[in-house]
Amino acid sequence: MCCRVFRDGATLTSLNTIATVLGGCAGTVPNTSPPTPAAAYTELNVSTPGTVVCNPATSPCCPLLQLFGNTVLAVLTFDNAGNAGYGAAFWGWGLALTLGVLVAGGVSGAHLNPAITVAVTTVGKFSWRKIVPYMVAQYLGAFIASVILFLTYRGALDNFDGGVRAVTGANATAGIFASYPKEFVSTGNGLVDQIVGTALLMLAILAITDPRNMAVPQGVQPLFIGFALGAVILCFGYNCGAPLNPARDLGPRVFTAMAGWGVEVFSFRDYNWFWVPIVGPHIGAIVGAWLYTLVVELHWPGSSYDMESGNPVSAKDGNFLEMLTDKTVFECEIENAIQMRGIKQCEIKN
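Here the sequence shown stands for residues 823 to 1172, numbered as in my numbering.
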């Protein structure tokens, strides 16, 4: 497990600030050094002298995305907005994600989705050691957000369903918290829907935060990421609401099972649905991460970058992108040939 401490002179690149998006943030900054701007932290392993273990679940920003996004769904449900609510969902979830990244980006890299966190880890942009504490924060944050939403709209819920918590039917309210497909959407169809939607979201996130792509300014990256999520919701929200985030679905589903909706939130369709918004996004995010890496990133000149620190990945680190870390013989010969006085600028790799 890692901790964040402040170091003078340490700065963050755009990828370290945004890192991965979408359900909880990790890390509480210990008072082990003089206060410095939040953008000047660096990560250290707990084995390093002077570091302190941080509990990711203690961060107050974890429920932010879930709370804003599901509140939009609650309002749409109570007002019987129906399909007309997709525009509101676009703005609600998109801006919720933007706010989540702005709040958590400088502290944890805005890890708001376990599927995204795992996916970027598989391509070497995040540490495997941190997956468990980050995922705990993400799922717990979504659960806490559901509690806050329930308490805030308890009166509206009672007014809408008469106190009878239903998963299906005209007065169903379980869909405020977790995702449920339309009647014509099969389990397989829903799985494909989640794989495609999350893969596209992962592609967009990596493209926006890749400093070698369109060089999106760091300050507006959260807005572009929010628009990317909104676009996916508009295009892929019809079948089952585009959960795209295992924490955003499972955490609230557990809460609703405890808060009056009962075991039906899991037994819906004979237990053949609740796992789809968990498995599908994980598969889709991994597909999207590898697709971007193989189709786009491997073709950039120069070295690969680490999504956590924004630093180049060295070939000696054993990363699969090591082919990008050294200049080829051809590149060196070209550089050396154009030098006016014949001064060689790089060593040719043997």
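Glycine included, C-beta positions come from ideal geometry on N, C-alpha and C.
Exposure label - residue i; buried when at least 16 CB within 10 Å
i, result
"D1092", "exposed"
"W915", "buried"
"V986", "exposed"
"G963", "buried"
"R976", "exposed"
"G872", "Low confidence applies here, because G872 scores a pLDDT of 28, under 50, leaving its location unreliable and the question unanswered by this model."
"G1041", "exposed"
"D1062", "With the sequence shown as reference, residue 1062 is identified as Cys, and Asp is not the correct amino acid for it. Flag for C1062 reads buried."
"V1076", "buried"
"M957", "buried"
"P1039", "exposed"
"V1085", "exposed"
"A1026", "buried"
"A1181", "The question about residue 1181 has no answer, for the chain in this structure spans 823 to 1172."
Cα-Cα separation between residue i and residue j, rounded to whole angstroms
i, j, result
"R1034", "L1028", "11 Å"
"S1001", "D1015", "13 Å"
"M1024", "G946", "15 Å"
"W950", "H1104", "15 Å"
"L1072", "T920", "22 Å"
"K952", "G1048", "25 Å"
"T1020", "G1059", "12 Å"
"P955", "L1120", "30 Å"
"A1064", "V1054", "8 Å"
"M1080", "P1074", "10 Å"
"L811", "W1122", "Look at the range of the chain in this structure, 823 to 1172, and you will see that residue 811 is not part of it."
"G984", "G927", "41 Å"
"V1117", "V1087", "39 Å"
"G1012", "F1006", "10 Å"
"P816", "P1068", "In the structure as shown, the chain starts at 823 and stops at 1172, and residue 816 therefore has no counterpart that could be examined."
"L1051", "T1031", "14 Å"
"A992", "T1078", "18 Å"
"W1112", "W913", "29 Å"
"N981", "I970", "18 Å"
"L1045", "G922", "10 Å"
"T974", "F965", "14 Å"
"S1089", "M1036", "46 Å"
"H933", "L1056", "23 Å"
Of the listed residues the options, nearest to residue i (C-alpha basis)
i, options, result
"I938", "Q960, L924, V925, G928", "Q960"
"V1101", "T1009, A932, V925", "T1009"
"L979", "L1056, V1117, W1083, N1094", "W1083"
"T944", "G997, L1120, T1115", "T1115"
"T995", "L1113, V1018, S968, A1107", "S968"
"I998", "F972, P1099, H933", "F972"
"I1017", "W1095, V1087, A1107", "A1107"
"W1095", "V989, P1039, M957", "V989"
"G931", "A941, S1089, A918, F948", "F948"
"Q1043", "L924, L1056, A918", "L924"
"G1110", "V940, V929, H933, G922", "V940"
"W1097", "R1070, L1022, G991", "R1070"
"P1099", "L1056, L1022, P1003, C1057", "P1003"
Quick one: complete alpha helix (DSSP H) runs, 4+ long, within the segment 975-1007? 976-983
Hey, which unbroken runs of the beta strand (DSSP E) at 3 residues or more fall wholly within the segment 1062-1122? none
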